[in-house]
Amino acid sequence: MNISVVGTGYVGLVTGVSLSDIGHTVTCIDIDNEKILKMQQGISPIYEPGLSDMMTKNINEERLYFTSNHQEGFESAEVIYIAVGTPAREDGSANLSFVEQVAKDIASHAIRDAVVVTKSTVPVGTNDKIQSIIDKNLVHQVNIEVVSNPEFLKEGSAIYDSFNGDRIVIGTNSEEAANTIEEVNKPFGVPVFKTDIKSAEMIKYASNAFLATKISFINEISNICERLGANVEDVANGMGMDKRIGDKFLNAGIGYGGSCFPKDTKALIQIAGNVEYDFELLKGVVKVNQKQQGLLLQKLNERIPDLNGKRIAVLGLAFKPNTDDMREAASLVVTEELVHAGAEVVAYDPIAMDNARRILNDNVQYANCVDEAVKNSDATLILTEWDEVKNVDLNVFESMNYPLLIDGRNCFELELMKEKNVEYHSVGRPLVHYKGRQVLLK
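Here the sequence shown stands for residues 30 to 471, where the numbers follow my numbering.
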């Protein structure tokens, strides 16, 4: 089937490449000409394991194309995916200007009947609005049906998720359009759930809000565990064995980040407010997450109250491993506060440092490896659980001025840390080699 995908951000590019890999002819459209030229050469603008290789394969097999020309992109399209950004406004609501512009572009350039599929995360009612915009602005006499088909990809495993998802949600008022999109996705072999268009829109927000709630819940439990001397990992494992709860998203740490959870939780609060419903639970989830991002700084300040002139190593900058995405990353909050306190910050991330340089304070220094970042530091903070960090030789922490390690992602086993001469603080677990409450450095 001939498919066009508008928007080559994270969702659009992964969607387009994956659809080409199951046999469709896909044209990805983006207004950024420089970006298009790179992608035509098989160069991915984002880091995602396996994506570049799959791009190159399908370009060479003439199933994947890139253009900045909407007329060219829509010329033979039977299905058109909308995958542009819906950034949050200051009040938490979604900015739909890019989605609305794509709807107008489709109305101007579509020359054959087509199904329009919304992949972008949009508030309930948006797909009806897209249908209305297209119908009012159609230049040619064609039939366009709109379908809500939210994405459930996880950054760092998006290619795997495309072929091994839990479900494909198809929301539309047209049975024919639903059947078309089911046929498009059939080669993935993923279960399909069909529903009405508004329920499909709500499923996306409800799913992400629930997962964010699990994260904030276990983080609150971890804070209680620390005060009681319990181990949150054992608590989470015991909870997760209950099939009603499950073991996913029960890893205590310094909160969630990225492009989805922060934006979608705030948007759902706004959506509820629009129908005069006060979503108190979700407001609490957001508040807990904001508080949790400052947890490591609190632990650090208890040990080193005056950070002025102190060298602090930061391991991990991306919001999660296997991505270069810095959106809503804990590192943004932590490094800013460290620099503000006068600390000399030396950071390392295997993938995200180029993106970090464009965002973080100019006073942040960057190391070439874990060892370089840690050496001669007065404390080390772990913000992202990269394999390179989890598998590091623990003796490296003894090269610090004082071996103070504050781990926001619980990367190391407590029993193993007891064998090392390292004062180890983690999240929701007992302290290791804690020397009391005396100030370490003055």
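Just so it is clear, CB atoms sit at the ideal spot from N, CA and C, and this is done for glycine as well.
Segment limits, beta strand (DSSP E) that includes residue i
i      : result
Ser177 : 173-177
Thr224 : 221-224
Val146 : 143-147
Ala376 : 373-377
Tyr431 : Element bounds for Tyr431: n/a, residue is neither H nor E.
Own chain, CB closer than 6 Å to residue i, minus 5 neighbours either side, in chain order
i      : result
Ala123 : Thr115, Pro152, Ala296
Met83  : Val46, Asp50
Ile88  : Gly71
Ile159 : Ala132, Val175
Val198 : Pro179, Phe222, Ala229, Ile232
Exposure of residue i, with buried meaning 16 or more beta-carbon neighbours within 10 Å
i      : result
His369 : exposed
Lys471 : Any reading at Lys471 must be qualified, since the residue scores a pLDDT of 47, below 50, and its modelled position is unreliable; the value itself is stated next. Lys471 should be labelled exposed.
Lys272 : exposed
Val128 : buried
Phe103 : buried
Ser428 : exposed
Leu361 : buried
His454 : buried
Ser406 : buried
Ser245 : buried
Gly338 : exposed
Leu257 : exposed
Pro179 : buried
Residue range of the alpha helix (DSSP H) that includes residue i
i      : result
Gly45  : 39-50
Ile500 : Because the chain here runs from 30 to 471, residue 500 falls outside it and cannot be looked at.
Tyr189 : 187-192
Lys479 : A question about residue 479 goes unanswered here, because the residues of the chain that appear run from 30 up to 471.
Asn405 : Looking at the DSSP string, Asn405 is not in any alpha helix (DSSP H), and its letter there is neither H nor E.
Ile210 : 204-214
Ser2   : Because the chain is modelled from 30 through 471, residue 2 falls outside the range shown and cannot be assessed.
Glu444 : 443-446
Gly218 : That residue, Gly218, is in no alpha helix (DSSP H); it is neither H nor E in DSSP.
Phe103 : 99-103
Three-state secondary structure (DSSP) of residue i
i      : result
Leu93  : strand
Asn392 : coil
Asp353 : coil
Leu182 : coil
His138 : helix
Val153 : coil
Leu344 : strand
Lys471 : With a pLDDT of only 47 at Lys471, under the threshold of 50, the placement of this residue in the model should not be trusted; the figure read from the coordinates follows. Lys471 falls in the coil class under three-state DSSP.
Ala123 : strand
Asp436 : strand
Leu336 : coil
Val451 : coil
Val34  : strand
Leu410 : strand
Ala385 : helix
Ala132 : helix
Val461 : strand
Tyr234 : helix
Ala229 : helix
Gly380 : Checking the sequence shown, residue 380 turns out to be Ile, not Gly. Three-state DSSP puts Ile380 in coil, outside helix and strand.
Val113 : coil
Val168 : coil
Val456 : coil
Contacting residues, own chain, Cβ-Cβ under 7 Å from residue i (five flanking each side not counted)
i      : result
Ser228 : Gly200
Ser105 : Asn31
Tyr463 : Glu452
Leu326 : Val363, Glu366
Glu442 : none
Chain D within 8 Å of residue i, Cβ atoms only
i     : result
Thr56 : The structure shown contains no chain D, having only a single protein chain.
8 Å CB neighbourhood of residue i in its chain, flanking five on each side removed
i      : result
Leu336 : Leu329, Asn330, Leu367, Ala370, Gly371, Ala372
Asp293 : Thr150, Lys233, Tyr234, Asn237, Ala238, Ala241
Phe426 : Val403, Thr409, Pro432, Leu434, Lys449, Val451
Lys183 : Asp190
Glu417 : Pro379, Val399
Ser33  : Val55, Thr56, Cys57, Ile58, Gly102, Phe103, Ala106, Val108, Ile109, Tyr110
- Task: Starting from the N-terminal side, write out each stretch of the alpha helix (DSSP H) that is 4 residues or longer and does not extend beyond the segment 236-316.
- Result: 261-269, 290-303
- Ranges of the beta strand (DSSP E) found wholly within the segment 53-95, counting only runs of at least 3: 54-58
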